[in-house]
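Step one of this worksheet: look at the structure below.
Below you can see the structure in the form of structure tokens.
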């Protein structure tokens with residue numbers, strides 16, 4: 015077995031938390047159940063990974079098999095990576111039947127014709143998700159297995175999710191291979207990025223519970239703010255205000271759990287306006303700002319601002335539109351004409 | 009006015025942790041070499057005891073104390089004192105350069121408020137800047153405290169003072185392409201914490217400040233408040249979020265950046281003195 019493959023397998027196993035190694039090796043299926051029995055999972059990881067490498071040696075593992083283990087790891091730990099969303103477009107309405115074998119063949123062919131040294135691995139998962147791992151080389155160098163790109167393509171949709179640690183120069187080639195293989199005509203990057211792959215899918219596949227602008231005649235009592243303890247002597251001040259805020263929040267964000275995003279960024283190119291008594295800046299030029307919101311769970315965080323008294327309810331549509339617009343990068347310019355107070359995002 | 013650029017340049021572009029220091033008793037500027045020797049012995053002893061060390065290669069630690077006369081404001085100010093710990097690994101060749109492990113700087117820029125009525129035996133150097141591992145700060149701090157009967161205290165920077173800094177610095181003219189004027193707010197007590205970075209194009213921030221400031225060279229509290237209110241209301245207009253209800257934790261401009269934990273980076277030599285003057289003032293109010 016090649017030393018670089020051995021080292022790669024050793025490092026991959028080292029990444030796995032100790033109590034998950036057995037499960038992942040089983041999913042991998044490259045080592046037999048009998049071989050797995052011989053492994054002692056109660057020693058330090060260094061030793062476990064050495065033993066795994068030895069077993070792989072017995073089975074003459076090559077890079078292709080090692081790459082599969084890497085995909086399995088990254089599928090389980092997908093939230094460690096930052097994912098970008100790409101949308102493909104077809105001209106014409108042809109509804110073709112998706113052929114997996116054809117897809118793989120065309121994808122490989124497109125990449126291999128451009129780059130001699132490249133490792134391509136596919137693995138299918140539920141939900142029609144095809145995971146693709148690509149390790150990139152050059153005409154003179156073997157592929158760098160430690161910096162691969164990952165693509166998750168849902169074959170029944172025009173969406174692909176690409177893990178952003180790609181060496182930037184390879185991105186166009188990757189995109190090309192995708193559209194060629196899937197029979198689309200072009201591809202564009204959406205302004206949407208998150209570490210939570212499932213949340214990105216929820217957003218673009220519209221799987222989260224959306225807010226509907228319809229009138230919901232639920233009696234107010236159902237939404238009442240309950241006192242925190244049963245002590246009836248403690249009354250809730252501003253009860254009706256709190257209820258109003260909760261109702262508006264619900265309308266804006268919907269009922270269900272929010273998709274998980276880590277940030278939203280706004281490039282503001284609007285005019286600066288102050289109250290008339292302040293004798294300040296009144297330029298005809300935009301007041302240029304860049305605003306970035308960050309949180310482990312941004313939408314939940316924003317949803318809690320009004321109840322906490324830090325924001326007005328309803329919260330600005332610039333924030334609440336994130337899931338519907340399927341973007342977390344915005345450029346806001348002043349809308350000219352009739353409604354100088356409103357904003358557009360291109 | 010800036011002094012010899014070479015010497016003061018070592019203050020630029022490093023993250024300095026701030027401390028206030030009470031006046032030093034019987035500190036004699038002529039004895040800097042002696043102090044360096046004593047401090048060196050102290051550090052060696054601490055290391056023998058197993059305290060205050062970076063784990064790793066065997067190091068010879070050299071201590072150097074020097075005066076930085078370029079860093080003072082008025083005639084009353086004491087010139088700054090620089091403390092540097094450097095090392096040469098015993099393994100590396102003889103003529104290799106020493107690596108600076110840790111730097112500390114006592115200074116006083118326009119500290120007249122403190123030094124005015126100070127008795128002869130006391131030296132006023134209320135501001136201390138430290139860069140390097142905390143373990144070295146601890147040892148050096150201990151030695152100075154024991155030797156000169158002074159007290160070091162971490163200097164935090166309140167949102168009030170951060171607002172002053174950003175207003176002042178946003179108004180400074182900078183020649184080359186300046187970096188944005190950035191304010192960072194934190195909202196920790198939500199179910200999911202939120203950080204907000206609000207960065208303004210430096211020209212636009214300066215234009216705003218220019219229309220607010222009435223007298224060049226002078227800044228009033230009212231002007232700072234108006235500046236911040238303008239930024240807050242522009243933000244509120246877009247997002248309906250009240251930044252004044254959040255915590256301002258960091259400000260950043262082309263001149264300098266400052267974090268509420270008392271960490272500062274100075275970026276522009278022309279304004280070095282101005283920033284140190286402000287920090288000296290903060291240190292003095294903590295002492296008094």
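Residue numbers (my numbering), protein chains in the order written: chain P, 15 to 360; chain A, 9 to 296. Idealized CB from N, CA, C, for every residue including glycine.
Using a Cβ cut-off of 7 angstroms, which residues of the region 193–223 of chain A contact any Cβ in chain P, in chain order?
195, 198, 199, 200, 201, 202, 203, 204, 205, 206, 207, 208, 209, 212, 215, 216, 219, 220
Pop quiz: residue 23(P) and residue 82(P) are said to be a contact at Cβ under 8 angstroms. What is the actual Cβ separation, rounded to whole angstroms?
Sequence index remark: in the first chain, residue 23(P) carries index 9 (1-based). Sequence index remark: in the first chain, residue 82(P) carries index 68 (1-based). Rounded, the Cβ-Cβ distance is 11 angstroms, inconsistent with contact.
From the DSSP output, which residues share a beta bridge with residue 140(A)?
Indexing the second chain from 1 puts residue 140(A) at position 132. Paired residues: 110(A).
Three-state class that DSSP yields for residue 42(A) in the structure shown
Position 34 of the second chain, counted from the start, is the residue given in the question as residue 42(A). Helix at residue 42(A).
Compute the beta-carbon to beta-carbon distance between residue 202(P) and residue 101(P), rounded to the nearest angstrom, for a pair I have assumed lies under 8 angstroms.
Within the first chain, the letter at position 188 stands for residue 202(P). Within the first chain, the letter at position 87 stands for residue 101(P). At roughly 6 angstroms, the Cβ-Cβ gap stays under 8 angstroms, so residue 202(P) and residue 101(P) are in contact.
Contacts that residue 324(P) makes with chain A (C-beta to C-beta distance below 7 angstroms)
Within the first chain, numbered from 1, the residue matching residue 324(P) stands at position 310. Simply 195, 249, 250, 253, 254.
Got a sec? Which residues, its chain only, sit under 7 angstroms from residue 324(A) by beta carbon, not counting five neighbours each side?
No statement about residue 324(A) is possible, as the shown extent of chain A runs from 9 to 296 and does not include it.
Classify residue 230(A) as buried or exposed, calling it buried when 16 or more other Cβ atoms lie within 10 Å of its own Cβ.
To locate residue 230(A), count along the second chain from 1; it is residue 222. That one is exposed.
Would you list the residues sitting across from residue 200(P) in a DSSP beta bridge?
As a first step, residue 200(P) is located in the first chain; it is residue number 186 there, counting from the start. Per DSSP, 103(P).
In chain order, what residues of the same chain have a beta carbon less than 6 angstroms from the beta carbon of residue 50(A), not counting five sequence neighbours either side?
Sequence index remark: in the second chain, residue 50(A) carries index 42 (1-based). So the list reads 151, once near-sequence residues are dropped.
At a cut-off of 8 angstroms, is residue 43(A) close to the ligand NAP when judged by its beta-carbon and the heavy atoms of the ligand?
Annotation note on the ligand NAP: not contained in the displayed structure, which lists no ligands.
Ignore the nearest five residues each way along the sequence and tell me which others in residue 14(P)'s own chain have a CB closer than 8 angstroms to its CB.
With chain P running from 15 to 360 in the structure shown, residue 14(P) is simply not present.
Are residue 240(A) and residue 264(A) touching if we call contact CB-CB under 9 angstroms?
The sequence position of residue 240(A) within the second chain is 232, counting from 1. The sequence position of residue 264(A) within the second chain is 256, counting from 1. Cβ distance not < 9 angstroms, so residue 240(A) and residue 264(A) don't count as in contact.
CB contact check: residue 185(A) to chain P, cutoff 9 angstroms:
Translated into positions along the second chain, residue 185(A) becomes position 177. No, because no Cβ of chain P sits closer than 9 angstroms to the Cβ of residue 185(A).
What residues match up with residue 205(A) in a beta bridge as DSSP calls it?
Position 197 of the second chain, counting from 1, holds the residue named residue 205(A). DSSP output for residue 205(A) lists 306(P), 192(A) as bridge partner(s).
Residue 22(A) versus residue 109(A): straight-line alpha-carbon distance, rounded:
Indexing the second chain from 1 puts residue 22(A) at position 14. Indexing the second chain from 1 puts residue 109(A) at position 101. Their Cα atoms are separated by approximately 13 angstroms.
When you compare the CB positions of residue 195(A) and residue 319(P), do they come within less than 9 angstroms of one another, or not?
Against the second chain, residue 195(A) aligns to sequence position 187. Against the first chain, residue 319(P) aligns to sequence position 305. Their beta carbons are under 9 angstroms apart, which means residue 195(A) touches residue 319(P) by this criterion.
Going along chain P, which residues have a C-beta under 8 angstroms from residue 188(A)?
Against the second chain, residue 188(A) aligns to sequence position 180. Neighbours of residue 188(A) on chain P, chain order: 304.
Would residue 292(A) and residue 28(A) be called neighbours here (beta carbons separated by less than 9 angstroms)?
Taking the first residue of the second chain as 1, we reach residue 292(A) at position 284. Taking the first residue of the second chain as 1, we reach residue 28(A) at position 20. A contact, by the Cβ cut-off of 9 angstroms.
Flag residue 346(P) as yes if its beta-carbon sits less than 9 angstroms from any beta-carbon of chain A, otherwise no.
The residue given as residue 346(P) occupies position 332 in the first chain. Answer yes: the Cβ-Cβ gap between residue 346(P) and chain A drops below 9 angstroms somewhere.
Start-to-end residues for the alpha helix (DSSP H) that takes in residue 80(P)
Taking the first chain and counting its residues from 1, the one referred to as residue 80(P) is at position 66. 77–90 is the span of the alpha helix (DSSP H), which, as asked, contains residue 80(P).
May I have the straight-line CA-CA distance separating residue 16(A) from residue 149(P), to the nearest angstrom?
To locate residue 16(A), count along the second chain from 1; it is residue 8. To locate residue 149(P), count along the first chain from 1; it is residue 135. Near 48 angstroms, if we compare the C-alpha coordinates of residue 149(P) and residue 16(A).
Verify the CB distance criterion: does residue 314(P) have a CB-CB separation below 9 angstroms to chain A?
Taking the first residue of the first chain as position 1, residue 314(P) is located at position 300. It does; some Cβ of chain A falls within 9 angstroms.
Please name the residues in the region 328–339 of chain P whose beta-carbon is closer than 8 angstroms to at least one beta-carbon of chain A, in chain order.
328, 329, 330, 332, 333
For the candidate residues 78(A), 91(A), 132(A), 157(A), whose alpha-carbon lies nearest to that of residue 45(A)?
Here the question's residue 45(A) lines up with position 37 in the second chain. Minimum Cα distance to residue 45(A) is reached at 91(A).
Looking only at its chain, what residues have a beta carbon closer than 8 angstroms to the beta carbon of residue 156(P), apart from the 5 residues adjacent to it on each side?
Here residue 156(P) refers to the residue found at position 142 of the first chain. These residues qualify, in order along the chain: 18, 131.
Near-chain P residues of the region 222–238 of chain A - C-beta to any C-beta below 9 angstroms
234, 235, 237, 238
Quick one: give me the first and last residue of the beta strand (DSSP E) that residue 26(A) is part of.
As a first step, residue 26(A) is located in the second chain; it is residue number 18 there, counting from the start. First-last of the beta strand (DSSP E) with residue 26(A): 23–29.
At 9 angstroms on the CB atoms, spell out the chain P contacts of residue 267(A), in chain order.
Position 259 of the second chain, counting from 1, holds the residue named residue 267(A). In chain order: nothing, as chain P lies at least about 16 angstroms away.
Kindly identify the DSSP beta-bridge partner or partners of residue 162(A).
Reading the second chain from its first residue, position 154 is the one you call residue 162(A). Answer is 27(A), bridged to residue 162(A).
Would you check if the distance between the CB atom of residue 180(A) and the CB atom of residue 262(A) is smaller than 9 angstroms?
Start at 1 with the first residue of the second chain, and residue 180(A) comes out as number 172. Start at 1 with the first residue of the second chain, and residue 262(A) comes out as number 254. Closer than 9 angstroms, so yes.
In the DSSP assignment, the alpha helix (DSSP H) including residue 158(P) goes from what residue to what residue?
As a first step, residue 158(P) must be located in the first chain, where it is residue number 144. Counting along the chain, residue 158(P) falls outside any alpha helix (DSSP H), though it belongs to the beta strand (DSSP E) covering 155–168.
Roughly how many angstroms lie between the CA atoms of residue 71(A) and residue 274(P), to the nearest whole one?
Working through the second chain from its first residue, we reach residue 71(A) at position 63. Working through the first chain from its first residue, we reach residue 274(P) at position 260. Straight-line Cα distance between these residues: approximately 52 angstroms.
Using a Cβ cut-off of 7 angstroms, pull out every chain A residue sitting near residue 308(P), in sequence order please.
In the first chain, the residue the question calls residue 308(P) occupies position 294. Under the 7 angstroms cutoff, chain A gives 203.
Using a Cβ cut-off of 8 angstroms, pull out every chain A residue sitting near residue 318(P), in sequence order please.
Numbered from its first residue, the first chain carries residue 318(P) at position 304. Near residue 318(P) (Cβ distances below 8 angstroms), the residues of chain A are 198, 199, 200.
Using a Cβ-Cβ cut-off of 9 angstroms, state whether residue 245(A) counts as contacting chain P.
By one-based count along the second chain, residue 245(A) stands at place 237. For residue 245(A), the answer is yes, since a Cβ of chain P falls inside 9 angstroms of its Cβ.
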